[in-house]
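At the far end of the sequence shown sits residue 273, using our numbering, and the numbering has no gaps. Think of the CB as a built atom: it goes at the ideal place given N, C-alpha and C, for glycine as much as any other residue. Okay, structure first, notes after.
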Amino acid sequence: MRSKPSRFHAPIFALILLLLLGGCAPQEAAPEEVIVFAAASLTDAMSEIARSFEAVNPGTTVALNFGSSSQLAAQLVEGAPADVFASANPAQMQVVVDSGRVEGEEPLLFATNRLTAIVPADNPAGIESLGDLAQPGIALVLAVPGVPVRDYTDEALGRLAADPAYGPAFADGFYANLVSEEDTVRLVAAKVALGEADAGVVYTSDVTPDIADRVIQIAIPDAYNVIASYPIAPLSDAPNPAGASAFVDYVMGGEGQAILGRWGFGAKP
C-alpha cells in the first residue's frame, strides 16, 4: 500500500524551527540601577562620579536624587527606595541610621567642605568684609533651619558672637537682615548670583564655574569657620546591595576623591 505524500513543506519547517530557537535564545541582561540620594551641594561632583562609575561598570546606571540632606533623610525614613545616602552632615545621616535603614556598616566620611559668604559681582550693597553683613539694610539669604549648611552657619555665628571683636550684636544684626530662607544651599547660591539678594552663606564648593564670575566671595576666617563633614552609607534594604557597595567604594576610592577635589571639596578626613 502506497503511503500518501507528505505535505510538510520545508519552508514551514524552517519557520517553526526558527521560532523554537528564538524562544530559547538567551535574553540580554536588564541594566542594573543604583539609586543614590545625595545632598544638593554634591550636585556637580556626584553627577560626574555617577558618569565615571557607569563608564567602568557597563550595564549599570546611577539614578541621582538631589535635595537638602534633611529632606532626603525624611524621605528615607518614610521608606523611599534607595541604595545609597550621601549626606552633607552626620546629623541627618544619624536620622537615617536611627530609622533602621543603615545597619551593619558605619557610615564613612568621604569629603569635607567650608563655608563662604557670597555677594553679587556688582555688589550693590558695597559689602567688603564679614562685619558688613550685620549692617542695617543688607538683604541676606540663608538656607532654612535644619539644612546642614544652615546648621553650620549658625555654628559659625555662635563663634563670631563669642568673640569680642564681633560680639552678640553682630549675630543679632546678621539675623535681622535675613529676608529669605531657601530649601537648599544651591538655591541660596542661585539667588545671590541672580542679584536677588545682597549676600548669602554657602559652601565654597557651591561657587561653581557657572556662577563664579557672577559672585564675589567674602572669606570667613578659619577661627570662625566650620568644617563640614560628609558621610555616605549603603542602605541595609537596598534594592541593589552589590551596586550600593560598589558605588560607595568608588566614591571613597582614588577617582571618586579626585572628582570631589576638582569640584572644590576637601579630602576625606
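Assign residue i to one of three DSSP states: helix, strand, or coil.
| i | result |
| --- | --- |
| ALA59 | helix |
| LEU25 | For LEU25, the predicted structure reports a pLDDT of 44, less than 50, and the residue's modelled location is therefore unreliable. A value from the coordinates is still provided. DSSP places LEU25 in helix when its eight states are reduced to three. |
| GLY270 | strand |
| ILE142 | coil |
| ILE39 | strand |
| TYR234 | strand |
| GLU259 | helix |
| ALA125 | coil |
| ALA147 | strand |
| ALA242 | coil |
| TYR228 | coil |
| ILE131 | coil |
Return the Cβ separation of residue i and residue j in integer angstroms, given the expectation that the two are a contact with Cβ distance under 8 Å.
| i | j | result |
| --- | --- | --- |
| PHE41 | ASN69 | 5 Å |
| LYS289 | SER184 | Because the chain spans 5 through 273 in this model, residue 289 falls outside it and cannot be assessed. |
| SER249 | PRO238 | 6 Å |
| ILE39 | ALA59 | At roughly 19 Å, the Cβ-Cβ gap does not stay under 8 Å, so ILE39 and ALA59 are not in contact. |
| ILE122 | ASP202 | Incorrect: roughly 10 Å between the Cβ atoms, too far for contact. |
| VAL230 | VAL219 | Contact doesn't hold; Cβ gap of about 20 Å is too wide. |
| ASN93 | ALA232 | 6 Å |
From residue i to residue j, what does the alpha carbon distance come to, in whole angstroms?
| i | j | result |
| --- | --- | --- |
| GLY204 | LEU80 | 29 Å |
| LEU119 | TYR156 | 8 Å |
| ALA169 | ARG163 | 11 Å |
| ASP167 | LEU113 | 30 Å |
| PRO225 | ALA160 | 10 Å |
| ILE222 | GLY171 | 19 Å |
| TYR254 | VAL88 | 12 Å |
| PHE178 | SER240 | 42 Å |
| PRO30 | THR64 | Caution is warranted here: a pLDDT of 43 is assigned to PRO30, below 50, making its placement in the model unreliable, and the coordinate value is therefore given only provisionally. One C-alpha to the other measures close to 19 Å. |
| ALA129 | PRO140 | 10 Å |
| GLY135 | VAL151 | 24 Å |
| ALA54 | GLN75 | 21 Å |
When the distance is taken between beta carbons, is residue j closer than 8 Å to residue i?
| i | j | result |
| --- | --- | --- |
| ALA125 | ASP217 | yes |
| ALA77 | VAL99 | yes |
| TYR207 | VAL153 | yes |
| ALA90 | ALA43 | yes |
| GLY247 | GLU52 | no |
| SER45 | ASN117 | yes |
Quiz item: Which ranges does the beta strand (DSSP E) cover as unbroken runs of at least 3 residues, wholly within the stretch 168-226, from first to last along the chain?
Solution: Runs found: 182-186, 203-207 and 219-222.
Self-check item: Every unbroken beta strand (DSSP E) inside the stretch 57-121 [3 residues or more]
Solution: Scanning the stretch 57-121 from its first residue to its last, the whole beta strand (DSSP E) runs of 3-plus residues come out as 64-71, 88-90 and 112-117.
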